[in-house]
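This report concerns only the one structure given below.
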């Protein structure tokens with residue numbers, strides 16, 4: 011039986027459906043049918059604009075974001091597809107916190123829906139630090155099909171692992 015490490019928390023029935031697609035070698039085809047497009051955001055500058063636009067639309071009163079970039083060092087071995095950080099520095103007599111969002115470089119090649127899901131996830135951390143009920147409600151406010159996209163992203167990561175073996 012195939013180990014589905016990205017889908018371990020999901021019901022056995024869903025895992026079995028994914029295993030069947032893998033067994034029939036149709037997982038890639040399934041994903042391509044569901045998510046045929048690739049987004050045009052390839053630079054850090056374009057990503058910053060994309061993130062800022064979403065923040066303005068849904069989180070106007072949240073702190074400004076100082077830096078957004080694709081990070082080649084973020085990957086599944088670090089168990090992170092995106093990071094939000096606040097770096098504190100003393101400037102004059104004040105303590106300034108610079109907010110950063112880093113998105114794993116693998117999302118340069120992903121479907122636009124997956125990029126949006128990761129960005130929404132990281133933006134939600136501007137308001138909610140923990141993965142609690144309020145956090146997921148905020149994610150769903152910004153992206154109503156957030157949970158489906160999170161599941162499909164995990165299926166995509168499973169497929170990527172199979173392709174690299």
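Residue numbers (this note's numbering): 11 to 175.
C-beta atoms are modelled at their ideal positions from N, C-alpha and C, and glycine is treated no differently.
Since we're looking at a predicted model, the values are computed, not measured.
When DSSP states are grouped into helix, strand and coil, residue 136 belongs to the coil group. Judged by DSSP secondary structure, residue 79 falls within the beta strand (DSSP E) whose first and last residues are 77 to 81. Excluding sequence positions up to five before and after residue 131, its CB lies within less than 7 Å of the CB of 92 and 149, all in the same chain and listed in chain order. Contact annotation: residue 74 and residue 109 have beta-carbon atoms nearer than 8 Å. The stretch 121 to 131 makes contact with the stretch 150 to 162; the number of CB pairs closer than 8 Å reaches 3 or more. By the Cβ neighbour-count rule, residue 78 is buried, with 16 or more other Cβ atoms within 10 Å of its own.
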